[in-house]
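One structure is given here, and the rest of the page talks about it.
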Amino acid sequence: MSNYWIEYPFLQSELELVKQFMIDSISDAIPLVKEPLMEVIQSGGKMLRPAMVILGAKLGRYKSERIIPIAACVELLHTATLIHDDIIDESKLRRGIETTQSKYSKEVAVLVGDYVFAKTFDLLAGDYPAEMLKHLSRSIMQICEGELSQYAHRYSDTISLDQYVEIIAGKTAALFSMSLFAGAYEAKANQQTQQFLVQAGYCIGMMFQIVDDCLDYLGTAQTIGKNVANDIKQGDMTLPLLFALENDASGKLRQLVFQSSLTQADVAEVGALVKENNGVTLALEKAQEYGQDALKAIGKLKKSESRKILEKIVASILESPKKQALA
């Protein structure tokens with residue numbers, strides 16, 4: 626785990642327990658499952674989603690022994706979606722290490738991801754209310770629907786801003802929202818607090834994904850820990866590209882993006898034209914809007930360390946384009 630939470634010792638120590646719970650949960654798996662999962666778990670991500678489970682729970686009656694398994698399962702679910710995501714995108718790097726599909730094969734990656742999904746619900750079944758499992762399964766369905774919708778709109782010149790918003794609401798914002806809700810729900814925080822957290826999680830997730838889409842045009846594999854320009858190569862119509870296409874008076878960007886194949890030189894030119902046509906600038910402004918909406922929802926929570934840390938998370942995500950690092 627990174628030093629992202631070093632200013633908050635309690636949260637950092639709880640996240641270490643989350644990480645250990647994840648490791649323990651796969652201790653009996655066969656080597657071809659255990660080895661790639663250990664690599665991902667140990668890869669040093671910020672663990673934003675399990676942190677949000679804990680932060681939501683701290684607004685209620687916090688019981689570590691009840692919250693840690695939920696936080697671990699949320700991160701395991703996220704891990705499974707990343708493993709499958711890397712297969713779809715044919716990604717070679719994730720958090721600075723070789724992806725499961727690249728190192729072990731696509732077949733292994735599919736089955737490892739499937740194993741994680743099954744393991745997650747096995748860990749929670751019986752000990753937690755059915756309502757919790759229902760919310761988790763709905764979040765996973767939303768992620769899958771978002772990814773499928775994105776796939777269906779690859780290389781599409783008709784995708785609208787509303788459709789893009791719907792896609793990232795499913796593929797990213799759903800699990801952020803679920804993470805804050807799950808902690809608060811288990812800790813029996815009042816319903817109004819749960820609603821504010823759901824709103825905040827949605828806005829944080831939307832902001833996170835837009836910023837992540839912008840990093841494809843700003844970072845390098847070394848600074849962001851994954852392959853850059855993947856969105857361009859795969860034909861994913863992200864917000865910077867959509868805004869740039871709207872401003873593309875010459876038609877050069879459109880011609881490049883929608884041609885049958887792209888060379889490395891073409892990809893570099895697309896990146897330059899997206900920035901030249903203010904695609905990244907406008908997308909980051911949209912991310913700022915979601916950030917402000919997130920802060921409004923967070924501001925309705927009672928004054929607490931959770932509220933303070935959530936505000937820090939928003940600021941950190943919005944600052945990441947300058948640092949070119951978002952994990």
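Here my numbering = 1-based position in the sequence shown + 625. Beta carbons are placed, not taken as given, at the ideal position from N, Cα and C, and that holds for glycine. These figures come from a predicted structure and were not determined experimentally.
Boundaries of the alpha helix (DSSP H) harbouring Lys728: Thr725 to Tyr729, taken from the DSSP string. The stretch 676–721 is shown to contain whole alpha helix (DSSP H) runs of 4 or more residues at 689–714, in chain order. The C-alpha of Ser730 is placed about 12 Å away from the C-alpha of Ser716. Inclusion of Val790 and Ile942 in the CB contact set at 8 Å is not warranted, their separation being larger than that value. With fewer than 16 other Cβ atoms from the protein chains shown falling within 10 Å of its own Cβ, Leu786 counts as exposed. In this structure, the beta-carbon distance from Phe742 to Thr797 does not fall below 8 Å. If you look at Phe868, you'll find it in the alpha helix (DSSP H) that goes Leu864 to Glu871. Excluding the 5 residues flanking it on each side, Lys877 has same chain C-beta neighbours closer than 8 Å at Leu898, in chain order. A distance below 8 Å separates the beta carbons of Met831 and Ile793.
With fewer than 16 other beta carbons inside 10 angstroms of its own, Tyr776 counts as exposed. The C-alpha of Cys839 is placed about 32 Å away from the C-alpha of Ser638. Classified as exposed, Ser875 has fewer than 16 neighbouring CB atoms from the shown chains inside 10 Å of its CB. Take Ala809, set aside five residues on each side of it, and the residues of its chain with a beta-carbon closer than 7 Å to its own are Gly681, Ala682, Leu684, Gly685, Thr818, Gln819 and Leu822, in chain order. If you check the CB distance, Leu749 and Leu758 come in under 8 Å. DSSP places Glu894 within a helical segment (H, G or I) once states are collapsed to three.
Contact between Val733 and Leu657 holds: their C-beta atoms lie close to 6 Å from each other, under 8 Å. Taken atom to atom, the span from the alpha-carbon of Leu800 to that of Glu772 is near 13 Å. Pairwise C-beta distances place the stretch 669–678 out of contact with the stretch 916–925, as fewer than three of them are shorter than 8 Å. The Cβ neighbour count for Glu910, taken over all protein chains shown within 10 Å, is under 16; the residue is labelled exposed. Between Met647 and Leu702, the gap from beta carbon to beta carbon reaches 8 Å or more. For Lys744, the closest C-alpha among the options Ile712, Leu718, Asp653 and Arg763 is that of Asp653.
Rounded to the nearest whole angstrom, the CA to CA distance from Val882 to Leu864 is 14 Å.
In the structure shown, the three-state DSSP call for Ile655 is coil.
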